[in-house]
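What follows is a set of notes on a single structure, which appears directly below.
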Amino acid sequence: MYGRKIPTLLELCVQTAIDNVRYLGDVGEVDIDLLGEILPHCTVDQLMHIEKSSIERDLSPVTDKLWRKFYEKHFGAESTKTLIERMQKRKVTFKWMQLYEAKQKDLEAVQEESGNKLKELYKKEQNRRQSRQIQVVTKVPPAKRPFWGGAGGSGFGSNSSNTKGRLIKKAKMEFLNSHEVRTAAMKKRNLLSNQRIPPRTMTPPARFGGQSSSSPGLAKPSPRRP
Numbered sequence: 001m002y003g004r005k006i007p008t009l010l011e012l013c014v015q016t017a018i019d020n021v022r023y024l025g026d027v028g029e030v031d032i033d034l035l036g037e038i039l040p041h042c043t044v045d046q047l048m049h050i051e052k053s054s055i056e057r058d059l060s061p062v063t064d065k066l067w068r069k070f071y072e073k074h075f076g077a078e079s080t081k082t083l084i085e086r087m088q089k090r091k092v093t094f095k096w097m098q099l100y101e102a103k104q105k106d107l108e109a110v111q112e113e114s115g116n117k118l119k120e121l122y123k124k125e126q127n128r129r130q131s132r133q134i135q136v137v138t139k140v141p142p143a144k145r146p147f148w149g150g151a152g153g154s155g156f157g158s159n160s161s162n163t164k165g166r167l168i169k170k171a172k173m174e175f176l177n178s179h180e181v182r183t184a185a186m187k188k189r190n191l192l193s194n195q196r197i198p199p200r201t202m203t204p205p206a207r208f209g210g211q212s213s214s215s216p217g218l219a220k221p222s223p224r225r226p
């Protein structure tokens, strides 16, 4: 009966490094074969941190294929294929980490530009809506002066109260001269004339002296005694 294989000390160290890969930094002194077992377990951020920390060592023999996988995973197989064709056509090569960083910056620039355009469009829309809203004016604007100028109580149109008075007077005269008002006034006068009491006939007083003797019913006054 065979028991489970006991791992070697090296295998235990590799497994420990894999379990704690998020804490790795400068791996400049680590054997390249061991890095080939450890680094494939890194995320993009973890692998980028290890690359930037290992300044004195080129990790591209191990990480270049890892960066190509990340490029294809994040930016698509078609974009990866197009990039490879362009490099072959121009007969140039770049590290896939550099290509990944360049593509990431391009996408960030495009996103930032799109965000700025959206902000600008939103701002224009807000300004358009505000311009169409009714604005409440708390300050009374000054009265406009007539184009012929002038100040004080004299002059053409200098006193608005005179104009207002003339308008009121004109409206009043038009009201009094209207057909309805004149008809009502005529009816009122007719009613008053019908209710008026006729005057009594008075007997004229008798005349003294110089009256004709032929007037009947009048006696001559008696002469005064001396």
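Residue numbers (full-length UniProt numbering): 1 to 226. C-beta atoms are modelled at their ideal positions from N, C-alpha and C, and glycine is treated no differently. Since the structure is predicted, the reported quantities are computational estimates derived from the model, not experimental observations.
Could you tell me the distance, in whole angstroms, from the CA atom of residue i to the CA atom of residue j?
i: Ile38; j: Val110; result: 34 Å
i: Lys172; j: Glu180; result: 14 Å
i: Arg57; j: Leu24; result: 15 Å
i: Phe70; j: Asp64; result: 10 Å
i: Leu10; j: Asp31; result: 12 Å
i: Phe175; j: Pro142; result: 34 Å
i: Arg4; j: Asp19; result: 21 Å
i: Gly155; j: Leu118; result: Interpretation of Gly155 is limited by its pLDDT of 49, a score under 50 that renders its predicted location unreliable; the figure taken from the coordinates is listed afterwards. Cα-Cα distance, rounded: 59 Å.
i: Gln130; j: Lys124; result: 10 Å
i: Asn177; j: Arg166; result: 16 Å
i: Lys169; j: Ser193; result: 31 Å
i: Glu108; j: Lys91; result: 28 Å
i: Gly152; j: Arg182; result: Unreliable positioning characterises Gly152 in this predicted model, as indicated by a pLDDT of 47, which lies under 50. The coordinate reading is nonetheless provided below. Near 41 Å, if we compare the C-alpha coordinates of Arg182 and Gly152.
i: Ile6; j: Asp26; result: 30 Å
i: Thr163; j: Leu121; result: 52 Å
i: Ser114; j: Ala77; result: 24 Å
i: Asn190; j: Ala184; result: 10 Å
i: Lys52; j: Leu12; result: 26 Å
i: Asp106; j: Asn116; result: 15 Å
What residue does the alpha helix (DSSP H) around residue i start on, and which one ends it?
i: Glu11; result: Leu9 to Asp19
i: Phe75; result: Ser60 to Phe75
i: Ile32; result: Ile32 to Ile38
i: Lys105; result: Trp96 to Arg132
i: Lys91; result: Note, Lys91: premise wrong, no alpha helix (DSSP H); not H, not E.
i: Lys52; result: Val44 to Ser53
Below 8 Å on the Cβ atoms is my contact criterion, and I expect residue i with residue j to pass it. Report the Cβ-Cβ distance as a whole number of Å.
i: Val14; j: Gln46; result: Between Gln46 and Val14 the Cβ distance is about 16 Å, and since that is not below 8 Å, they are no contact.
i: Ile50; j: Cys42; result: 7 Å
i: Gly36; j: Val62; result: 5 Å
i: Leu59; j: Pro40; result: Not quite, the Cβ-Cβ distance comes to about 12 Å (not below 8 Å), so this is no contact.
Count the other CB atoms, across all protein chains shown, that sit within 10 Å of the CB of residue i; report buried if there are 16 or more and exposed otherwise.
i: Met97; result: buried
i: Tyr100; result: buried
i: Thr8; result: exposed
i: Thr82; result: exposed
i: Gly217; result: Low confidence applies here, because Gly217 scores a pLDDT of 46, under 50, leaving its location unreliable; read the following figure in that light. Exposed: under 16 other Cβ atoms inside 10 Å.
i: Ala17; result: buried
i: Thr80; result: buried
Excluding the 5 residues preceding and the 5 following residue i in the sequence, name in chain order all residues of the same chain whose CB lies nearer than 6 Å to its CB.
i: Arg68; result: Trp96
i: Lys103; result: Phe75
i: Val44; result: Phe70
Skipping 5 residues on each side, what residues in its chain have a beta carbon closer than 7 Å to that of residue i?
i: Glu72; result: Thr80
i: Asp33; result: none
i: Ile84; result: none
Who are the near neighbours of residue i in its chain, counting only those whose CB is closer than 8 Å to its CB and skipping five residues on each side?
i: Met87; result: Thr93 and Phe94
i: Gln133; result: none
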